[in-house]
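Student: Before I ask anything, here is the structure I am working with.
There are 2 protein chains.
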Amino acid sequence: MSTKDKIIHTSIELFNLHGERAITTNHIAAHMGISPGNLYYHFKNKEDIIRHIFALYSEHLHTHFKPLTPDDDALENLAGYLDSLFELMWRYQFFYDNLGDILSRDEALKKDYIEFQAALLEQVKEVLLALRAGDIITIEDADVTELAHMLKMTVSFWTPYIKARRLSGELARQDIYHGILKVLLLLKAHCTEHSLAQVNQLRAKYLALANAEPTAQ
Amino acid sequence: MSTKDKIIHTSIELFNLHGERAITTNHIAAHMGISPGNLYYHFKNKEDIIRHIFALYSEHLHTHFKPLTPDDDALENLAGYLDSLFELMWRYQFFYDNLGDILSRDEALKKDYIEFQAALLEQVKEVLLALRAGDIITIEDADVTELAHMLKMTVSFWTPYIKARRLSGELARQDIYHGILKVLLLLKAHCTEHSLAQVNQLRAKYLALANAEPTAQ
DNA sequence: GTCTATATACGGATAGAC
DNA sequence: GTCTATCCGTATATAGAC
Chain U
1 MSTKDKIIHT SIELFNLHGE RAITTNHIAA HMGISPGNLY YHFKNKEDII
51 RHIFALYSEH LHTHFKPLTP DDDALENLAG YLDSLFELMW RYQFFYDNLG
101 DILSRDEALK KDYIEFQAAL LEQVKEVLLA LRAGDIITIE DADVTELAHM
151 LKMTVSFWTP YIKARRLSGE LARQDIYHGI LKVLLLLKAH CTEHSLAQVN
201 QLRAKYLALA NAEPTAQ
Chain E
1 MSTKDKIIHT SIELFNLHGE RAITTNHIAA HMGISPGNLY YHFKNKEDII
51 RHIFALYSEH LHTHFKPLTP DDDALENLAG YLDSLFELMW RYQFFYDNLG
101 DILSRDEALK KDYIEFQAAL LEQVKEVLLA LRAGDIITIE DADVTELAHM
151 LKMTVSFWTP YIKARRLSGE LARQDIYHGI LKVLLLLKAH CTEHSLAQVN
201 QLRAKYLALA NAEPTAQ
């Protein structure tokens, strides 16, 4: 792996562990055993690193969250989405811990973020409409946007919410599964009679994962 | 108003407008037309100021969010809670914009926060059970905790969610009303047949406020 | 590409006069 | 209680050698 890529991945790791604010460029360099000067050879500044991480984040969503087509099995797709959301929430925790701060320091990133989230909202709405078409949920047109916002907010801020509840701000994979359960709770409220059993099955699956022993990770 | 109180209220105002991270003790002093030294006569440090603000926040919740009793009109109480939540979300925006950061810098505050939130969770659960007893909602015991968490998370992170969606991170009172609507969306999913009309009435009320002209504040 | 050394900038906080 | 002046610590970023 190139030094540049190593810097990106070390940054993600340290940011997630200790928070973006607490990790300086010097920390990143020291943890990798390279000099600060070397880090600045590869990146213009700290924001530049974060911008590269955001690109990975966008790419992840873009790759794993393609809208489903009428031919797809809606429920199967839903399960796939949940697993992708798990990965997203886990890998890019730090981003939402300090979202306001990070965006306020980088006008360009903020613009990209806003644009991306607007497109994402439309995508989530499409998914909801597809789930309705697939007879998985019932929902009035007027409520689609509201539910989409709630889903986005939940995925974004579940990890900061959990971190704020414990002294050591560390997260376990189980915590993320609890977040996935919240997504399912939001959907459950709109389930059709015949999909309820299936969605409850998904809930049971993630509940088991959420309550698994930490050592069983 | 004493200088000490003025410092607290100026801090809240500036923190809400520009973010806690961006506002230094020097900014606060300059905005008030006092010297930095004077500010430090009244407060040990920046965290000390924030701790005092947190006390106001706790007090607000403590005063306006008393659990309802079986004698109360559950729906009337619910409407009261929503108005109090509005005030809370509006006044202490900055706190949730940077929650992780703020808590990580002050171990004592973090402990207080965690303890307070744990108690608050129990209180929200009580309220939900009272709403069930008042025949406003139906909910299985197993789902009460999950719903309570969702309500808390929504109230906490709605404002950061909205701020991240616009270039100027400023919030309008309408944005908060949209947040209240999200709380009602969560409750609506559990409404009984006879309460649905009343809850929809509340939704209509806040929808009207949310869509009102900014100048009509 | 990588290093060492260092400049710059600034926020937090204190000392001591009034 | 309030001010002025200033110190200290630290994060970011650069210069220039290798």
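In the order they appear, the protein sequences are chains U and E.
Here the first sequence stands for residues 1 to 217, numbered as in the UniProt record's numbering.
Here the second sequence stands for residues 1 to 217, numbered as in the UniProt record's numbering.
Each residue gets a CB set at the ideal place from its N, CA and C atoms; glycine is no exception.
All values derive from a computational prediction rather than experimental measurement.
Would you mind telling me which residues of chain E sit closer than 7 angstroms to U:W90, beta carbon to beta carbon, in chain order?
Tutor: Taking the first sequence and counting its residues from 1, one reaches residue 90 of chain U at position 90. Here the premise fails: no neighbours, minimum Cβ distance about 16 angstroms.
Student: Would you report the Cα separation of E:F15 and U:L120, rounded to the nearest angstrom?
Tutor: Position 15 of the second sequence holds residue 15 of chain E. Position 120 of the first sequence holds residue 120 of chain U. The straight-line gap from Cα to Cα measures roughly 29 angstroms.
Student: Using a Cβ-Cβ cut-off of 8 angstroms, state whether U:S2 counts as contacting chain E.
Tutor: Position 2 of the first sequence holds residue 2 of chain U. Not closer than 8 angstroms to any Cβ of chain E, the Cβ of U:S2 fails to qualify, so no.
Student: Enumerate, from N- to C-terminal direction, the unbroken alpha helix (DSSP H) stretches of 4 or more residues contained entirely within the UniProt domain "HTH tetR-type" (1-61) of chain E.
Tutor: 3-18, 25-32 and 36-42
Student: Between E:D101 and chain U, is there a C-beta pair that is closer than 8 angstroms?
Tutor: As a working mapping, residue 101 of chain E is identified with position 101 in the second sequence. Yes, E:D101 counts as interfacial toward chain U.
Student: Which same chain residues end up closer than 8 angstroms to E:L196 when comparing Cβ atoms and leaving out the 5 residues on each side of it in sequence?
Tutor: Here residue 196 of chain E corresponds to residue number 196 of the second sequence, with the count starting at 1. Closer than 8 angstroms at Cβ, skipping near neighbours: K188.
Student: Nearest CA to the CA of E:K152: which residue from E:D112, E:D71 and E:Q123?
Tutor: Position 152 of the second sequence, counted from the start, is the residue given in the question as residue 152 of chain E. Comparing Cα positions, the closest option is E:Q123.
Student: Pick from E:A212, E:I139 and E:V155: whose alpha carbon is nearest that of E:Y81?
Tutor: Within the second sequence, the letter at position 81 stands for residue 81 of chain E. The shortest C-alpha separation from E:Y81 is found at E:V155.
Student: Using a Cβ cut-off of 8 angstroms (strictly closer), state whether U:N211 contacts chain E.
Tutor: The count along the first sequence starts at 1 and reaches residue 211 of chain U at position 211. So, not an interface residue.
Student: Leaving out the 5 sequence neighbours to the left and right, which residues in its chain are closer than 7 angstroms to U:E59 when beta-carbon positions are compared?
Tutor: The residue labelled residue 59 of chain U in the question sits at position 59 within the first sequence. Excluding sequence neighbours, U:E59 sits near nothing in its chain.
Student: Assuming U:P36 and U:N45 form a contact by the criterion Cβ under 8 angstroms, report the distance between their Cβ atoms to the nearest whole angstrom.
Tutor: Your numbering for residue 36 of chain U matches position 36 in the first sequence. Your numbering for residue 45 of chain U matches position 45 in the first sequence. In fact, because the Cβ distance is near 12 angstroms, the residues do not count as touching under 8 angstroms.
Student: For E:D5 and U:T138, I'd like the C-alpha separation in whole angstroms.
Tutor: The sequence position of residue 5 of chain E within the second sequence is 5, counting from 1. The sequence position of residue 138 of chain U within the first sequence is 138, counting from 1. The straight-line gap from Cα to Cα measures roughly 52 angstroms.
Student: First and last residue of the alpha helix (DSSP H) that includes U:A119?
Tutor: As a working note, residue 119 of chain U is residue 119 in the first sequence. Residues E107 to A133.
Student: Less than 8 angstroms between CB atoms is the rule here; does E:S195 satisfy it with respect to chain U?
Tutor: Indexing the second sequence from 1 puts residue 195 of chain E at position 195. Interface annotation, E:S195: not in contact with chain U, CB-CB separation never under 8 angstroms.
Student: In chain order, what residues of the same chain lie with their CB nearer than 8 angstroms to the CB of U:L52, ignoring the 5 residues before and after it?
Tutor: Within the first sequence, residue 52 of chain U is the residue found at index 52, counting from 1. Just to set this straight, residue 52 of chain U is His in the shown sequence, not Leu. Closer than 8 angstroms at the Cβ level, and outside the excluded window around U:H52, lie I8 and F43.
Student: Any Cβ of chain U within less than 8 angstroms of the Cβ of E:P214?
Tutor: In the second sequence, counting from the first residue as 1, residue 214 of chain E sits at position 214. Output row for E:P214: interface = no.
Student: How is E:I137 classed by DSSP in three states: helix, strand or coil?
Tutor: As a first step, residue 137 of chain E is located in the second sequence; it is residue number 137 there, counting from the start. Residue state, collapsed to three classes: strand.
Student: So, does the CB of E:R51 fall closer than 8 angstroms to a CB anywhere in chain U?
Tutor: Along the second sequence, one-based indexing puts residue 51 of chain E at 51. So no, E:R51 is outside the interface.
Student: For E:Q201, count neighbouring Cβ atoms within 10 angstroms of its own Cβ and tell me buried if that reaches 16, exposed if not.
Tutor: Here the question's residue 201 of chain E lines up with position 201 in the second sequence. With fewer than 16 Cβ atoms within 10 Å of its Cβ, E:Q201 is classed as exposed.
Student: Give a yes or no on whether 8 angstroms exceeds the smallest Cβ distance from U:Y113 to chain E.
Tutor: Taking the first sequence and counting its residues from 1, the one referred to as residue 113 of chain U is at position 113. Interface residue, yes.
Student: Is the region 107-115 of chain E touching the region 171-180 of chain E, taking contact as three or more C-beta pairs under 8 angstroms?
Tutor: no
Student: Using a beta-carbon distance below 8 angstroms, is U:Q217 in contact with chain E?
Tutor: To locate residue 217 of chain U, count along the first sequence from 1; it is residue 217. Residue confidence is low: U:Q217 scores 42 on pLDDT, short of 50, so the model does not pin down where it sits. No coordinate-derived value is stated.
Student: Report yes if the C-beta distance between E:L186 and E:L131 is below 8 angstroms; otherwise report no.
Tutor: By 1-based counting over the second sequence, the position of residue 186 of chain E is 186. By 1-based counting over the second sequence, the position of residue 131 of chain E is 131. For E:L186 and E:L131, no; Cβs fall outside 8 angstroms.
Student: Can you give me the C-alpha to C-alpha distance between U:I162 and U:P70, rounded to a whole angstrom?
Tutor: Position 162 of the first sequence, counted from the start, is the residue given in the question as residue 162 of chain U. Position 70 of the first sequence, counted from the start, is the residue given in the question as residue 70 of chain U. Rounded to the nearest angstrom, the two C-alpha atoms are 36 angstroms apart.
Student: Taking E:A164 and U:G100 to be in contact with their CB atoms under 8 angstroms, please state how far apart those CB atoms are, rounded to whole angstroms.
Tutor: Position 164 of the second sequence, counted from the start, is the residue given in the question as residue 164 of chain E. Position 100 of the first sequence, counted from the start, is the residue given in the question as residue 100 of chain U. The Cβ separation is near 6 angstroms, so the contact holds.
Student: Rounded to whole angstroms, how far is the Cβ of E:D97 from the Cβ of E:G19, which I believe are closer than 8 angstroms?
Tutor: Looking up residue 97 of chain E in the second sequence gives position 97. Looking up residue 19 of chain E in the second sequence gives position 19. Taking a contact as a CB-CB distance under 8 angstroms, the pair E:D97 and E:G19 counts as one, their CB atoms being some 6 angstroms apart.
Student: With respect to the alpha helix (DSSP H) encompassing U:Y92, which residues constitute its N-terminal and C-terminal limits?
Tutor: Taking the first sequence and counting its residues from 1, the one referred to as residue 92 of chain U is at position 92. That residue, U:Y92, is in no alpha helix (DSSP H); it is neither H nor E in DSSP.
Student: Determine the burial state of E:Y206: buried for a count of at least 16 other Cβ atoms within 10 Å of its Cβ, exposed for fewer.
Tutor: Here residue 206 of chain E refers to the residue found at position 206 of the second sequence. It counts as buried.
Student: What's the C-alpha gap between U:Q217 and U:A172?
Tutor: The sequence position of residue 217 of chain U within the first sequence is 217, counting from 1. The sequence position of residue 172 of chain U within the first sequence is 172, counting from 1. Any reading at U:Q217 needs caution, since the residue's pLDDT is 42, under 50, leaving its predicted position unreliable; the model's value is listed next. Looking at the two C-alpha atoms, the distance is approximately 9 angstroms.
Student: Which residue from U:A74, U:A210, U:E76 and U:L129 puts its Cα closest to that of U:L181?
Tutor: Sequence index remark: in the first sequence, residue 181 of chain U carries index 181 (1-based). Selected option, being the one with the closest Cα: U:A210.
Student: Quick check on this structure: which residue in U:T63, U:D106 and U:D72 has the alpha carbon closest to the alpha carbon of U:D83?
Tutor: Here residue 83 of chain U refers to the residue found at position 83 of the first sequence. Answer by Cα proximity: U:T63.
Student: Figure out for me which residue from U:I49, U:I50 and U:S11 has the closest Cα to the Cα of U:M32.
Tutor: On the first sequence, position 32 is the one that residue 32 of chain U refers to. Checking every option, the nearest Cα to that of U:M32 belongs to U:S11.
Student: Consider the Cβ of E:D135: report whether some Cβ of chain U lies at a distance smaller than 8 angstroms.
Tutor: Position 135 of the second sequence, counted from the start, is the residue given in the question as residue 135 of chain E. No, because no Cβ of chain U sits closer than 8 angstroms to the Cβ of E:D135.
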